[in-house]
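One gets our numbering by counting positions in the sequence shown from 1 and adding 5 to each. The beta-carbon is built from N, C-alpha and C at its ideal position, and this holds for glycine as well. As the structure is a computational prediction, the values presented were derived from the model and not from experiment.
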Amino acid sequence: MIQANFAAVGVQVDVSNADWGSFYPSLLKPDWDMDLNRWTWSDPSVMSQLFRSPGHRKLLPPNPAIDASLDGADAALDPAKRMAFVSEAQRSILEDRLVLPILTDWPITVTQKTLQGYRLDYLGYLYAGDLKTTA
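Spelled out as structure tokens, the structure:
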């Protein structure tokens, strides 16, 4: 599907799969034209790892505006201020970095009244160590 869609606009795509241990070291080499990856985390701090200069691949040019927004988002304790920094960073990233977000898959946790012993970790993921149900 990816190859066919890109071929329709004149772009040749070689698709391959690899385990992370083999793939990530090759991703750090500067000879990539494009990469398609799924980066997801329930907290926007993942953007700092990917887009703060020089980026996870150590290849991004410096961008003080992006770096300042990401630093602000990582340091802000007030949720509204933090989201303002996140929005600012996202706008700057889309304007400056060659990034095309395809989707966001935010986790959603739903429970029933009969479920006891669950709790969420600091990122909002379900910690299901001591679950039990009641009638």
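Do you know how far the Cα of residue j is from the Cα of residue i?
| i | j | result |
| --- | --- | --- |
| phenylalanine 90 | glycine 77 | 6 Å |
| asparagine 42 | isoleucine 107 | 10 Å |
| tryptophan 44 | glutamine 54 | 10 Å |
| methionine 6 | lysine 137 | 43 Å |
| threonine 139 | serine 50 | 37 Å |
| leucine 116 | leucine 75 | For the record, residue 116 in the displayed sequence is threonine; it is not leucine. Straight-line Cα distance between these residues: approximately 33 Å. |
| tyrosine 123 | phenylalanine 28 | 36 Å |
| tryptophan 37 | alanine 133 | 40 Å |
Buried or exposed: residue i, going by 16 or more other Cβ atoms within 10 Å of its Cβ?
| i | result |
| --- | --- |
| isoleucine 113 | exposed |
| arginine 96 | exposed |
| alanine 94 | buried |
| methionine 39 | exposed |
Measuring CB to CB, does residue i end up less than 9 Å from residue j?
| i | j | result |
| --- | --- | --- |
| arginine 62 | proline 35 | yes |
| serine 58 | aspartate 72 | yes |
Query - Every unbroken beta strand (DSSP E) within the stretch 53-111, with a cutoff of 3 residues, ordered by chain - result: Taking 3 residues as the minimum length, the stretch 53-111 contains no beta strand (DSSP E) run wholly inside it.
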